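Input: a single structure, listed below in structure tokens.
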Amino acid sequence: MKKITIYRPQESFNKYCSYKILVGNSVLTELKNGERKIIEIPDELENKTLKAKMQWCGSGEIELNKLTENETIKVSGNEFFNRTLISVGAIFPILGLSFTMKNQNELLKYVGIGVFDIATHRVNWHNYHLERQVA
407 MKKITIYRPQ ESFNKYCSYK ILVGNSVLTE LKNGERKIIE IPDELENKTL
457 KAKMQWCGSG EIELNKLTEN ETIKVSGNEF FNRTLISVGA IFPILGLSFT
507 MKNQNELLKY VGIGVFDIAT HRVNWHNYHL ERQVA
């Protein structure tokens with residue numbers, strides 16, 4: 407049996423949701439915000455893949471046969487949501503004002519459109535990460 411450590415750092419976005427840790431299509435465990443678990447992978451699951459999933463979103467897969475004994479895996483959400491989204495929330499009222507001002511302030515209008523464009527194109531909605539940590 408191979409032992410690996412899986413952890414999830416404290417996140418501000420989705421902090422009340424748990425990630426399901428899947429081996430193949432079976433749920434192995436759930437990982438809450440800020441939680442660290444040591445899990446044992448049975449030898450018969452050695453040729454399966456490890457994946458994190460929350461609701462309809464999921465991560466990439468890691469092949470279990472490529473993991474070493476006592477390896478650490480970090481499970482984290484989208485960086486945009488956890489760092490940037492909190493500060494971008496204050497911009498949306500300005501964005502709404504820019505559309506209602508019509509021709510009164512063209513610069514504010516274009517700044518609002520630009521911020522909205524950047525915010526919506528930068529988000530990768532279904533992106534969660536499984537990251538191998540080197541000890």
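For the sequence shown, this note's numbering assigns the number 541 to the last residue and increments by one with no breaks. Every residue gets a Cβ at the ideal spot worked out from N, C-alpha and C, and that includes glycine. These numbers were taken from a predicted model, which means no experiment stands behind them.
Cβ-based neighbour list, residue i, same chain, cut-off 8 angstroms, excluding 5 preceding and 5 following
i	result
residue 448	407
residue 430	451, 454, 455
residue 520	none
residue 415	440, 480, 482
Beta-carbon proximity list for residue i, same chain, < 6 angstroms, skipping 5 on both sides
i	result
residue 460	423, 425
Own chain residues within Cβ distance below 7 angstroms of residue i, not counting five before or after
i	result
residue 483	417, 419, 420, 534
residue 442	411, 413
Extent of the continuous beta strand (DSSP E) to which residue i belongs
i	result
residue 475	Where residue 475 is concerned, there is no enclosing beta strand (DSSP E), given that its DSSP letter is neither H nor E.
residue 463	463-465
residue 446	442-447
residue 437	432-437
residue 460	455-460
residue 426	425-429
Pair within 7 angstroms by beta-carbon distance, residue i and residue j
i	j	result
residue 411	residue 444	yes
residue 457	residue 428	yes
residue 409	residue 446	yes
Nearest to residue i (by Cα), restricted to the options the options
i	options	result
residue 440	481, 477, 458	481
residue 469	477, 436, 512	477
Proximity test, residue i beta-carbon vs the ligand ATP heavy atom, cut-off 6 angstroms
i	result
residue 481	No copy of the ligand ATP occurs in the structure displayed, which carries no ligand at all.
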